[in-house]
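A.B. asks: Structure provided below as C-alpha cells; questions to follow.
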Amino acid sequence: MSSEQDAKTEAPAVPRSPTPSIPNEFFEADVPGFEFELEENIDSTSSVASDGIPDFESGRHPHVKLFVVVSAILTNLCIIYKAVLNIPREYKSTICMVFDFGKCLDLDRDVPVMEIIEFVFRTQLEVVFPLTTIIVFFITQLSISLMPGLAFKIRNPVPVVTKYVCLILFLHFLTSFLTSISMLSHLGNAQQREFWIEYLTVSGLCLFWLFQLFNMFIFTRLTNLNFIRARENFNRRIGIEA
Numbered sequence: 001m002s003s004e005q006d007a008k009t010e011a012p013a014v015p016r017s018p019t020p021s022i023p024n025e026f027f028e029a030d031v032p033g034f035e036f037e038l039e040e041n042i043d044s045t046s047s048v049a050s051d052g053i054p055d056f057e058s059g060r061h062p063h064v065k066l067f068v069v070v071s072a073i074l075t076n077l078c079i080i081y082k083a084v085l086n087i088p089r090e091y092k093s094t095i096c097m098v099f100d101f102g103k104c105l106d107l108d109r110d111v112p113v114m115e116i117i118e119f120v121f122r123t124q125l126e127v128v129f130p131l132t133t134i135i136v137f138f139i140t141q142l143s144i145s146l147m148p149g150l151a152f153k154i155r156n157p158v159p160v161v162t163k164y165v166c167l168i169l170f171l172h173f174l175t176s177f178l179t180s181i182s183m184l185s186h187l188g189n190a191q192q193r194e195f196w197i198e199y200l201t202v203s204g205l206c207l208f209w210l211f212q213l214f215n216m217f218i219f220t221r222l223t224n225l226n227f228i229r230a231r232e233n234f235n236r237r238i239g240i241e242a
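Structure, rendered in C-alpha cells:
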C-alpha cells in the first residue's frame, strides 16, 4: 500500500490546457439593446422607474378610449332613435290601448296578448336597456373617478346591462344580414337604381351593427379596466398617506 501511495505522489501532474479567453470585443459588439432600452421606450422606462407601475398606454393612440366610449354611447342613442321610429308604427294598436287615445278606433283596441308581450319586450330591449347603459356608465365612472375607493365597495354594473345591448345589436345585425342575402337573388334582374341603393344601405347597416357589436364588447372591457385603475389609484393613495 505504501509503494502505491508513493507512486501516486511521485507521478507528475498532467498539465491542463488553458481555458481560451473570450475577447471583450465579442461583448462589445453592436447588439441592439433590450426592448425597454431602445430610444422609443425611454419614456416608458422612466415612468416605470418613477412610480413603479408599468406604462401600458404609451404605445396606444391617445384617443382610442375616447373613440370606444363615444361610439358605444352613440350606438345606444341610435338604437333608441330606431326604436322610437319603428315601435309606434308597428304597435299602433297596442299603444292606443295602453294610452287610450281618443282617436283610436274600436278595432285598434282589440289587441292579442302576444302582441302586448312583444311590445313590452321590444320596449325594454331597445329603449330601456340602452338608456340605462348610458346613465349607469356616466354615474359609475364619475363616482370612481371622484372617489376611487368605491371600486372596492360596488360592483361594475355596466356589463350586466351591456349584455342586453349586445343582444339587440346581434339581432339588428342578423336582420340586416338576412335581408341583404334575400335581396341577392333579385340583383341580376333589378334595373332600378332605388333597389341597388336599398341593397347597399342594408349591407352597410349589416357591417355597422357588426362593428358596433364588437365595439360594445371592448366598451365593456374598458369599464372593467377603469375599475382596476381606480383600485390601483386608491391603493397608491393609501400607501402615500401611510
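Residue 21 in full-length UniProt numbering sits at position 21 of the sequence shown; the count goes up by one each step and never skips.
All C-beta atoms in this analysis are idealised placements derived from N, C-alpha and C, irrespective of residue type, glycine included.
#1: Return the CA-CA distance between Ile181 and Ile228, expressed in angstroms with no decimal places.
#2: If I'm right that Phe129 touches Tyr91 with Cβ under 8 Å, what's the distance once you round it to whole angstroms?
#3: By the 10 Å Cβ neighbour count, where 16 or more other Cβ atoms means buried, how is Ile144 classified, buried or exposed?
#4: Are the Cβ atoms of Leu169 and Trp209 separated by less than 9 Å?
#5: Count the other C-beta atoms from every protein chain shown that fall within 10 angstroms of the C-beta of Phe214, then say buried if there are 16 or more, exposed otherwise.
#6: Using the beta-carbon count (16 or more within 10 Å), is Ile79 buried or exposed?
#7: What residues in its chain sit with their C-beta under 7 Å from that of Ile134, if we drop five residues either side in the sequence?
#8: Per the contact definition of three or more C-beta pairs closer than 8 Å, is the region 220-236 in contact with the region 183-202?
C.D. replies: So, from the listed chains and residues:
#1: 43 Å
#2: Contact doesn't hold; Cβ gap of about 18 Å is too wide.
#3: buried
#4: yes
#5: exposed
#6: By the neighbour-count rule (16 or more Cβ atoms within 10 Å), Ile79 is buried.
#7: Excluding its 5 nearest sequence neighbours in each direction, Ile134 has C-beta neighbours in its own chain below 7 Å: Ile73 and Asn76, listed in chain order.
#8: no
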